[in-house]
Amino acid sequence: MSQITEYQKAALNYKKHISLTANAGSGKTTVLAKRFVKILIDENVKIWNIVAITFTDKAASELYVKIAKELDTEIKNATGTLKHKLEHYRRSLVSAKISTIHSFCIDVLRDYAPQAGIDANFSTIDARTADEFLDQSIDKTIREALNENSAVVKKLMRIFGNKSILIDRLKVLFSKRKTIEKLSANFYAEDVKGISDKLENLFSENIKSLFGEKIESVITNLTAINAISIAEKSKEKNIEIERILNEIKSKQNAVDKLILLNELKENVLTKTNKTLPKTQYLSKKLYTENETLISNVNSNLKELLLIDISENYKDLNQNLALFGKEIIELYQEANNKYKNKKEQNAYLDFDDLMLLTQSLLKNEDVRKELTEKFKFIMIDEYQDTDEIQYNIFLPILNYLDANNLFVVGDEKQSIYGFREAEVELFNKTKNQIEKQSDDSGLLELPHSFRLAPKVALFTNFIFQKLFKEANPLFNEVNYNRLICAYQKEVKGKVELLISEKDDEIKEADIVSKKILQLVKLQKAYKYEDITILCNRRRYFLELEEAFAEYKIPYSIVDGKGFYQQQFVLDIYSYLSFLINPQNDLALVSILRGPFFNLSDVELTQISFEKTESFYGKLKQTKKFEYIIEQLEEHIKLAHIFSVNDLIRKICNDTNYWFFLASKKDGSQEIANLEKLIYQAIKIKEQGFNSLYDFINFLSEAINNLEDEGQADSSIQDDSVKIMTVHQSKGLEFKVVILFKTNQRPINENLKAKEISIDKNFGILAKLPYKENYFEEYQAAPIIGLYNYIQLKKSIAEYKRLLYVAVTRAEEYLIISAQLKKGKLEQNSFASFILNSINYSYGNKKINISDELTYMVLANEKFNLVDKKENVEISVDYKFEDEIENEIEVESLLENPKILLDEIKTVEQNEIISASKISLFLNCPKKYELTYNFGYGELTKHFRDNNSFEFNNKEDDEAIPPANTIGSVIHAILENEIEEENLEQEIESLINREEKVMLLNHSQKEKMKNEIKTMLSEFYKSDSYKYIRSFEKSYNEIEFYKREKDYFLYGIIDKLIITNKEIIIIDYKTDKISEANVKEKRETYINQLKFYAYILSFKYIYVKNYKLKLIFIRDEKFTITIELSKREIEDFGKVIKESVNKIRNKDFSEEKPGCKNMKYYLLE
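In terms of this note's numbering, the sequence shown opens at residue 159 and continues consecutively.
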């Protein structure tokens, strides 16, 4: 979109503070980028004088790219001094402050570490270590308290039921640490009586403001209804109501009136619905005549009676105040321990970053320096900001008396309340800007370039009703209508898929058939055009099962439940068996599973053997010797290999990689397994080296870490995407299907033994009255008020979540709902939508019409045009069964072909390693003998100075293991062992090598001395000094890249990544001389080029690659070459040609390398 609108142009004014409300698809990122560049061009500022804050790292990256492109465009059109200035800015852009709030805080804290009282070399703690530190701190706090016979901790354990639940509730406090720190400093700074009085005052003030008018309305209307009832015939209920009403009228306080109204609930109202009784109170005639009046009373009473209050409320307030005081003191003790652990390791967590920055800004000198430095502050997605972020930026701007603030967001898309985002801060900031800049600082981008006309009309029609009469106290927002700026010819479509729960067909089946209809029958869309949005992850499984049945390709975007995936359970079972071969359950799992695929019949036959353990029974059978041999080898390796190497070895030996790759979502499965191996490496780096440590970690993760995201599979394939509505934020799709829309939102009412934190009301929990732990826990009245406000806020956010879901659709919106006897669940997405369009069960079509404003580009200017438009919403209740037959026939008739060529079977999804390609390029014949005829083992007997040393971890199934000297040296270089520790480490590593056991003492000593000499010389070499000159490098790094139907795989000895280049280093320990150096270099450099090709897809912005081949025995033969992007791309073609030849069994080409192969004569 090169032409900007008048609305966007107005937002580029940086001479005043601006709050910009941007509708979905309005081009706000374009505004941010253009504003950033405009300030650089028009003002004499440094690039770091401008701050741009985004919600996620991904958004920061996208904004960076957009600004870079904007600068590039300006540079093309500029001349002279301006051109030089812009080129300087373009080169300096890498240092620009375009980041998330956390990255911004990191930079500020590093600059002012002494003032913040922290170590300047701090690092941010990873989630696993943070959880571990926190668990240890809480556990130690409770243990120490119990050792001191703490009455408070014992009491808290009784309240929650046990120690484990108490620990979980303390973790809830830590999850809201920013709020807890504020409450601790203010709310709980007083004594118990002061806190109790505060609770009472808060309750009284809120009841008066929220319910004062409702209470008076109920009193007036109920008095009138009761008089009518008495006039007809006085009954016992009339007398009771009159007594209560008279007593209420005598009270001045709203709280006292509410207590008396609660008496109606017990004595007068119906037990089930809590409404005025029909038959026992008024005659049918009078009830009908006064239905409006009665309905008004009933609806008001329904809300008022949500606030449960009894006469002992002062005692309950006292109880809650004491509880809050006690649990926050326990939290503080645990937090001090947690803080000490972090300080000892120079760690800060994400909350620390923001809390410390907020505190730092109270230092007036620091604040003034930051005000001087950051002249322009732009904040994206401002509707999702929280109070602490507000408290960081407003002081820097001297509360809008200095510099310039630009905030952009959309209150209608505020959906992160669970992360403490506060939409009211947007309104607060708007009010402050309005005071400074009058209403000219409050701007809108009302247009949407995303939504097709009919989708835009539908959106306006629904949400102008849902967001009507917004009450800001409940975070309700007003609706600003979308102006349709859609540039394509497509008009758009909206459709309902309605089904009954009692029908045999599942909702996911209906959605599946709809997708097949769109893709296979109508051929209107591809699978990749379609995205399914769910508001809960647990709905994914039903879709997965249906898609598997209907053969619909799909991918789950950033799916959670990583540790609950079947492959993790498979690996866990295998490793559990290796550490304890008597674990029968683990053994049976791996025998039955994809590792060995034994049938239940075979397992039953094994179980008949007369030995106690199942492994013993397996050993006694003759039939499965190959399994026993493999298991025995893995049991030995479990004590030698690192966990990541062990997992790789298991997966290679059992073809588990291929099993995963062959699955329908194979790319995701492979990416997940890569992530698990990487997790093993990370755990090792944290000092947990043993297999036992990793198994313990996996066990805990499988049971507790349900929110761990699955690996990001970068494969872009033709598949239906499944994601949550929250994940879809900021994205757009041609076709959106909203799935399971007739589900109630989660009930957030506080339950017994739970805990909630509210920044206004403090720490809330239902508690035993007078320490009676065996009766129903009672709630202080503030909890009923909290539940009421939270319910209102949740409904408001749920409506906003629906808005986000609907506005992801570009052309086609499909809403799927399954009803129960035609009924809608209260406050469900379906109820919001269907009630807004006056849907009646059984309707086949629904027409809605409204005026839609179009933004039309003509003569390089946007004009607004109003049109009356109509949307016909079709309603499909069921699909005919014939759809499946039609699809089947359709696929059979598609493009019939007569095949005359020979049919060849090609292995799918195999793994092609660097070693395989290097070997093939050196000599295709040797490749054939090694991999196709299985003569790899034979090469052990023909090793000489011309033999090659490949990484046996890449291809240990075919190429003989590297010699002992090589494997020991690689292990030492991988672990970066210092020279003074060489002897001890060499001794340890050599003794683990099976082949060394056959050597005598003299031979072992000779080998040790040879290794030590080689490494000592290498440590003195220029190559080693060069490597050590870099602060950070990566050892033994694994990479995969998926090609069309196979995977490229390699393990890099050492990888160094700088801002300018990628350096790939490979160590070789084989014997080298002038006679063989040329061939060895050519072969090994191919291996390094292979690595560069894989990396070029991961690091797409890096243009320069340096390949360094180091011969440890003689450094003079070390070679360094540099590759351009073009050369890497050319080698990619070589790889593809080689794979094609391998698959076609074309090994005829004779290459120079073949002449030196000792068993070449075998031909």
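C-beta atoms are modelled at their ideal positions from N, C-alpha and C, and glycine is treated no differently.
Quick caveat, the model's predicted, so the values are computed rather than measured.
D473: first and last residue of the uninterrupted beta strand (DSSP E) it sits in: Numbered from its first residue, the sequence shown carries residue 473 at position 315. Here D473 belongs to no beta strand (DSSP E); instead the alpha helix (DSSP H) covers 471-502.
Output the distance between the C-alpha atoms of I199 and K234, rounded to the nearest integer angstrom. Residue 199 sits at position 41 when you count from the first residue of the sequence shown. Residue 234 sits at position 76 when you count from the first residue of the sequence shown. Roughly 14 Å between the two C-alpha positions.
Is the segment 957-969 in contact with the segment 923-943, if contact means three or more CB pairs nearer than 8 Å? no
Only counting runs of 4 or more residues, tell me where the alpha helix (DSSP H) segments fall wholly within the segment 610-664, in order along the chain. 611-624
Where does K520 land, buried or exposed, given buried means 16+ other C-beta within 10 angstroms? Along the sequence shown, one-based indexing puts residue 520 at 362. Exposed, since its Cβ has fewer than 16 Cβ neighbours within 10 Å.
Between the beta-carbon of V565 and the beta-carbon of T587, is there less than 8 Å? Here residue 565 corresponds to residue number 407 of the sequence shown, with the count starting at 1. Here residue 587 corresponds to residue number 429 of the sequence shown, with the count starting at 1. Their beta carbons are under 8 Å apart, which means V565 touches T587 by this criterion.
Straight-line Cα distance separating T543 from R268: Here residue 268 corresponds to residue number 110 of the sequence shown, with the count starting at 1. Here residue 543 corresponds to residue number 385 of the sequence shown, with the count starting at 1. Their Cα atoms are separated by approximately 23 Å.
Starting from the Cα of G319, find the closest Cα among E1018, N1001, E929 and give me that residue. Locating residue 319 in the sequence shown gives position 161, counting from the first residue. Minimum Cα distance to G319 is reached at E929.
Count the CB pairs spanning the segment 669-676 and the segment 991-1003 that are closer than 8 Å, and state whether there are at least three. no
Buried versus exposed call for Q645 [16 or more other C-beta atoms within 10 Å across all chains shown]: Walking along the sequence shown from the start, residue 645 turns up at place 487. Exposed is the call here.
Candidates D803, I729, L971, of which the one nearest V613 by Cα: Stepping through the sequence shown from its first residue, residue 613 is reached at position 455. Selected option, being the one with the closest Cα: L971.
Classify N1298: buried if its beta carbon has 16 or more other beta carbons within 10 angstroms, exposed otherwise. Looking up residue 1298 in the sequence shown gives position 1140. N1298 is exposed by the Cβ-count criterion.
Best match in L341, C809, L676 for proximity to I828 [C-alpha to C-alpha]: What you label residue 828 is simply residue 670 of the sequence shown in a count that begins at 1. Nearest option by C-alpha distance: C809.
Could you give the DSSP three-state label for Y712: helix, strand or coil? Counting from one through the sequence shown, the residue named residue 712 turns up at place 554. It is a strand residue.
Through-space distance from T1276 to F1269, alpha-carbon basis: Along the sequence shown, read from residue 1 onward, the residue named residue 1269 stands at position 1111. Along the sequence shown, read from residue 1 onward, the residue named residue 1276 stands at position 1118. About 6 Å.
For H605, list the residues DSSP reports as bridge partners. Translated into the one-based positions of the sequence shown, residue 605 becomes position 447. H605 is bridged to I641.
Beta-bridge pairing of K1025 - partner residues as DSSP gives them: Within the sequence shown, numbered from 1, the residue matching residue 1025 stands at position 867. L1010.
Hey, could you find the ends of the alpha helix (DSSP H) A288 is sitting in? Position 130 of the sequence shown, counted from the start, is the residue given in the question as residue 288. Run containing A288: 285-305, per the alpha helix (DSSP H) assignment.
Can you tell me whether G183 is helix, strand or coil according to DSSP? For the purposes of this step, residue 183 is identified with residue 25 of the sequence shown, where counting begins at 1. G183 falls in the coil class under three-state DSSP.
If you draw a straight line from the alpha carbon of I591 to that of G275, how long is it in whole angstroms? Residue 591 sits at position 433 when you count from the first residue of the sequence shown. Residue 275 sits at position 117 when you count from the first residue of the sequence shown. Approximately 34 Å, taken between the alpha carbons.
Going along the chain, which residues of its own chain have a beta-carbon closer than 7 Å to the beta-carbon of E1038, five neighbours each way excluded? Walking along the sequence shown from the start, residue 1038 turns up at place 880. Unreliable positioning characterises E1038 in this predicted model, as indicated by a pLDDT of 49, which lies under 50. The coordinate reading is nonetheless provided below. The answer is none, since no qualifying residue turns up.
If you drop the 5 nearest sequence neighbours on each side, which residues of the same chain put their C-beta closer than 7 Å to that of E1307? Position 1149 of the sequence shown, counted from the first residue, corresponds to residue 1307. Cβ neighbours of E1307 beyond the five flanking positions: P1082.
For I208, the nearest candidate out of Y222, E501, F799 (CA to CA): Counted from its first residue, the sequence shown places residue 208 at position 50. Answer by Cα proximity: Y222.
Could you tell me the boundaries of the alpha helix (DSSP H) in which L403 lies? One-based indexing of the sequence shown puts residue 403 at position 245. L403 -> alpha helix (DSSP H) spans 394-407.
Would you list the residues sitting across from G567 in a DSSP beta bridge? If you number the sequence shown from 1, residue 567 lands on position 409. For G567, which the question treats as bridged, DSSP gives the partners T179.
Pair every Cβ in the segment 563-578 with every Cβ in the segment 355-372, then say whether three or more of these pairs are closer than 8 Å. no
Whether I1230 touches K1238 by CB criterion (8 Å): Locating residue 1230 in the sequence shown gives position 1072, where the first residue counts as 1. Locating residue 1238 in the sequence shown gives position 1080, where the first residue counts as 1. Yes; because the gap between Cβ atoms is below 8 Å, this pair is in contact.
By Cβ distance below 8 Å, which residues in the same chain neighbour N454 in space, the five residues on each side in sequence not counted? Position 296 of the sequence shown holds residue 454. For N454, where only same-chain residues beyond five positions count, the Cβ hits under 8 Å are S375, N379.
Beta-carbon gap between I535 and N561 smaller than 8 Å: Numbered from its first residue, the sequence shown carries residue 535 at position 377. Numbered from its first residue, the sequence shown carries residue 561 at position 403. The answer is yes: Cβ separation under 8 Å.
Whole alpha helix (DSSP H) runs in the segment 1120-1174 with 4 or more residues, listed along the chain? 1122-1132, 1140-1150
Thinking C-alpha only, which one of P711, Y1242, K780, G980 is nearest D687? Along the sequence shown, read from residue 1 onward, the residue named residue 687 stands at position 529. Minimum Cα distance to D687 is reached at P711.
Between N618 and L1010, is the Cβ-Cβ spacing less than 8 Å? Locating residue 618 in the sequence shown gives position 460, where the first residue counts as 1. Locating residue 1010 in the sequence shown gives position 852, where the first residue counts as 1. Yes. Within cutoff.
Could you check whether S387 and A479 sit closer than 8 Å to each other, using their CB atoms as the reference points? By 1-based counting over the sequence shown, the position of residue 479 is 321. By 1-based counting over the sequence shown, the position of residue 387 is 229. The answer is no: Cβ separation not under 8 Å.
Is there contact between the segment 895-915 and the segment 747-760, where contact requires at least three CB pairs shorter than 8 Å? no
V746, enclosing beta strand (DSSP E) - first and last residue: Locating residue 746 in the sequence shown gives position 588, where the first residue counts as 1. Run containing V746: none in the beta strand (DSSP E); it sits in the alpha helix (DSSP H), 742-750.
Which residues in the same chain have their Cβ closer than 7 Å to the Cβ of K372, if we skip the five residues on either side of it in sequence? On the sequence shown, position 214 is the one that residue 372 refers to. Result list for K372: N458, E461, L462, in chain order.
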